[in-house]
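Numbering-wise, the sequence shown is residues 0 to 110 according to numbering that gives the first Met the number 0.
Note that CB positions come from ideal geometry on N, CA and C, so glycine has one too.
Being a predicted model, the structure only gives us computed values, none of them experimental.
Quick notes on the structure that follows.
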Amino acid sequence: MRIVVASRFFKTFIHPTYRAFAFYPWVFVRSADLSSNSQIVRHEQIHLAQQRELGIVLFYPIYVMEFLLRLIQTRRGYTAYRTISFEREAYGHDHEPDYLKERKWCAMWRR
Ligand SMILES: [Zn+2]
């Protein structure tokens, strides 16, 4: 994993509420201080694990399609985002330091 501080890119293209995103094998963060925030880094590492399993070619289309389905269901952008399978797994475990050591295959779709 490589962490890239991309302040200008975030300022220009990314909504102010987003602090980081994963694009295998990189994690892009809005500011340098975020690269030492272990919960944010772990959250993005979980997305990297998901992307390793599915490949970028499947991960992003599935992510966007699930977001749109959740948006239709919930009619709320933030709720739709938080209920995407990939985000449920990442938010559900980004506070657990050892999560990635014990994570199961395609854990985003397991209950
Ligand atoms: Zn996330």
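Buried or exposed (CB count within 10 angstroms, at least 16 for buried), residue i
{"i": "Gln72", "result": "exposed"}
{"i": "Glu86", "result": "buried"}
{"i": "His94", "result": "exposed"}
{"i": "Ala31", "result": "exposed"}
{"i": "Lys69", "result": "Per the sequence presented here, residue 69 reads as Arg, with Lys not at that position. Looking at its Cβ environment, which holds 16 or more other Cβ atoms inside 10 Å, Arg69 is buried."}
{"i": "Met107", "result": "buried"}
{"i": "Tyr77", "result": "exposed"}
DSSP bridge partner residues for residue i (one or two, in chain order)
{"i": "Arg1", "result": "Trp25"}
Span of the alpha helix (DSSP H), counted from its first residue to its last, around residue i
{"i": "Lys100", "result": "Tyr98 to Glu101"}
*Complete runs of the alpha helix (DSSP H) confined to the region 4 to 32 [at least 4 residues]*: 6 to 12
*With distances taken from each beta carbon to the nearest heavy atom of ligand 1, which residues come in below 6 Å, in chain order?*
His42, His46, Glu86 and Ala89
*Which residue spans inside the region 19 to 94 form an unbroken alpha helix (DSSP H) run of at least 4?*
37 to 53, 55 to 73, 76 to 81 and 84 to 92
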